[in-house]
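There are 2 protein chains.
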Amino acid sequence: MFERLDAPLLGRIAAITSLVEVVPGVELCRQGAIPDRLHILLDGQVTLSGTASDGTSAVVEVVHPAAHFVLAAVLTELPYLMSAHADSRSRLLLLDAAALRALLEQAPPLALALMRAEAQDFRAMVRQVRDLKLRSAAQRLGCYLLALVTDPTAQAAELRLPFDKGLLAARLGCRQENLSRAFATLRAFGVETHGARVLLHDVARLRAFAVPDELTDPLTVTANCI
Amino acid sequence: MFERLDAPLLGRIAAITSLVEVVPGVELCRQGAIPDRLHILLDGQVTLSGTASDGTSAVVEVVHPAAHFVLAAVLTELPYLMSAHADSRSRLLLLDAAALRALLEQAPPLALALMRAEAQDFRAMVRQVRDLKLRSAAQRLGCYLLALVTDPTAQAAELRLPFDKGLLAARLGCRQENLSRAFATLRAFGVETHGARVLLHDVARLRAFAVPDELTDPLTVTANCI
Chain A
59 MFERLDAPLL GRIAAITSLV EVVPGVELCR QGAIPDRLHI LLDGQVTLSG
109 TASDGTSAVV EVVHPAAHFV LAAVLTELPY LMSAHADSRS RLLLLDAAAL
159 RALLEQAPPL ALALMRAEAQ DFRAMVRQVR DLKLRSAAQR LGCYLLALVT
209 DPTAQAAELR LPFDKGLLAA RLGCRQENLS RAFATLRAFG VETHGARVLL
259 HDVARLRAFA VPDELTDPLT VTANCI
Chain D
59 MFERLDAPLL GRIAAITSLV EVVPGVELCR QGAIPDRLHI LLDGQVTLSG
109 TASDGTSAVV EVVHPAAHFV LAAVLTELPY LMSAHADSRS RLLLLDAAAL
159 RALLEQAPPL ALALMRAEAQ DFRAMVRQVR DLKLRSAAQR LGCYLLALVT
209 DPTAQAAELR LPFDKGLLAA RLGCRQENLS RAFATLRAFG VETHGARVLL
259 HDVARLRAFA VPDELTDPLT VTANCI
């Protein structure tokens, strides 16, 4: 996010930043609260979820390092739309929100950097909306598994699910029983599972079924957030 | 979007802006293309949709005046994730993308204004993701109808759907037959329809069923885009 900034500006950002380590389960942001800091995840895993007023809750995103959250709330000074919880022991940078807003009024390159970061965030959410509207749960799972394949020319692949199936179901927007059904559907497309270990025997066939997006952004938060 | 900017800066923006009028069906942006201008809709209606590589298409957003689209692509110089089509005769401002990017490097207040606009766009998409993951089609329809009620204290209301049911189904992320089923479900919660005319006989009951979000942003693009 800050890679194009010069050393003096990075120094000013460092001066408003602190490093924290948290244990699993810690709440980092609470939906409805006014944001007081921007979070950058260095190590660990964080879940962003939204809760309706009847108490039902949806996982909007699972954040992996290095990625920020929830920039939009910090920049607008509007209440968090999501709560954030550490899923594992995590290390984070916390940037004071008011100081950050003051700094970006004085430092146009920072404003441009944050603007680019925000645009990436927006695009990641547009992808999710498209995904939820266009694809079945089995196709969404297929796209998710294909995104874990690092070699773009691979015909087969072996992967480990980076988190448990309960969280995966929530991230994909389906119930856990639907996730099991989705894995069962994908068996016909060469997907074999042993717990968290997944074998893709025929990447081309899975791709033809799941129809992943061709438009992926280079090196974005999308690559870090599933 | 530009309300906090001073007159000289507005003049510089005007110098890179043109006004166009388009007829229904005109394509304003094409998914995959590199953006060459920012669009601001003054009159009419525009649909933003994403198409998968197998040709299936999803309506991500329906844009009403005055709202911009697709700012994130313009700022990042990354390909449009969505195509935009005019649904009706529409009037738009077109801001040259390269000139806008050059201008915001020189004019920090413009960068801040666009940053706020982007943050609102992001939050509108987060709401959609939450909506799609948390709610049934009938609940999503209920939330949509409740959002059309302008008087927050109303116990009953009469509304007109701002566009046809085909587009409404697409925007809500369901098939047209599911939308009919959703309207049928809502009958038990006091929703009566006569074509585009909708009567809500019991707003409180509908609210209890559909569970709309409490966190709405003040005067944002969300208020313009359903």
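So the sequence lines, in the order shown, correspond to chains A and D. Residues in the first sequence are numbered consecutively from 59, following my numbering. Residues in the second sequence are numbered consecutively from 59, following my numbering. Every residue, glycine too, gets a C-beta built ideally from N, C-alpha and C.
- Taking a contact as a CB-CB distance under 8 Å, the pair residue 230/A and residue 219/A does not count as one, their CB atoms being some 12 Å apart.
- Of all residues in the region 178 to 204 of chain D, only 178, 179, 180, 181, 183, 184, 185, 186, 187, 188, 190, 191, 192, 193 place a beta-carbon less than 8 Å from a beta-carbon of chain A.
- Annotation: residue 121/A to residue 106/A spans about 7 Å, alpha carbon to alpha carbon.
- Short of 7 Å from the beta carbon of residue 192/A, and not among the five residues preceding or following it, lies no beta carbon of its own chain.
- Contact annotation: the region 109 to 118 of chain A does not touch the region 61 to 79 of chain A, with fewer than three C-beta pairs closer than 8 Å.
- Non-local C-beta neighbours of residue 195/D in its own chain, meaning closer than 8 Å and more than five positions away in sequence, comprise 230, 231, 232, 236, 237, 239, 240, ordered along the chain.
- Here the alpha carbons of residue 260/A and residue 155/D stand approximately 42 Å from one another.
- Any Cβ of chain A closer than 8 Å to the Cβ of residue 112/D would place that residue at the interface, and such an atom is present.
- Under the 10 Å beta carbon count, residue 164/D is surrounded by fewer than 16 other beta carbons and is classified as exposed.
- Residue environment for residue 252/D: exposed (fewer than 16 other C-beta atoms within 10 angstroms of its C-beta).
- Between residue 143/D and residue 97/D, the C-beta gap is not smaller than 8 Å, which leaves the two residues out of contact.
- In the DSSP annotation of this structure, residue 124/D is not part of any beta strand (DSSP E), being labelled neither H nor E.
- The Cβ atoms of residue 269/A and residue 146/D do not sit closer than 8 Å to each other.
- Three or more beta-carbon pairs separated by less than 8 Å are not found between the region 164 to 175 of chain D and the region 206 to 216 of chain D, which leaves the two stretches without contact.
- DSSP links residue 108/D through a beta bridge to 116/D.
- At least 8 Å separates the CB of residue 220/D from every CB of chain A.
- Within chain D, the C-beta atoms nearer than 7 Å to that of residue 174/A come from 133, 134, in chain order.
- Counting along the chain, residue 206/D sits inside no alpha helix (DSSP H), nor does DSSP assign it H or E at all.
- Ranked by how close their Cα comes to the Cα of residue 213/A, the residues 68/A, 262/A, 180/A have 262/A in first place.
- Going by C-alpha positions, residue 183/D is about 15 Å away from residue 173/D.
- The beta carbon of residue 94/A lies closer than 8 Å to those of 154, 155, 156 in the same chain, with the five residues before and after it left out.
- DSSP places residue 135/A outside both helix and strand once states are collapsed to three, so it counts as coil.
- Under the Cβ distance rule, residue 130/D counts among the residues neighbouring chain A, one pair being separated by less than 8 Å.
- Close to residue 166/D, with beta-carbon spacing below 7 Å, are these residues of chain A in chain order: 163, 166, 169.
- Put simply, the backbone Cα of residue 226/D is about 25 Å away from that of residue 175/D.
- Judged by DSSP secondary structure, residue 78/D falls within the beta strand (DSSP E) whose first and last residues are 75 to 80.
- Under a 10 Å Cβ-count criterion, residue 200/D is classified as buried, with 16 or more other Cβ atoms of the shown protein chains found around its own Cβ.
- At least 8 Å separates the beta-carbon of residue 217/A from that of residue 249/A.
- Residue 240/D: member of the alpha helix (DSSP H) spanning 234 to 245, first to last residue.
- Residue-level contact check: residue 269/D touches chain A, since one or more beta carbons of chain A fall below 8 Å from its beta carbon.
- Nearest in C-alpha terms to residue 71/A, of all of 224/A, 124/A, 161/A, 81/A, is 161/A.
- Distance from the CA of residue 264/D to the CA of residue 74/D, rounded to the nearest whole angstrom, comes to 47 Å.
- Among the residues of the region 238 to 268 of chain A, none has a Cβ less than 8 Å away from any Cβ of chain D.
- Chain A has a Cβ within less than 8 Å of the Cβ of residue 118/D.
- Per DSSP, reduced to three states, the secondary structure at residue 88/D is coil, with no helix or strand assignment.
- Close to residue 140/A, with beta-carbon spacing below 9 Å, are these residues of chain D in chain order: 184, 188.
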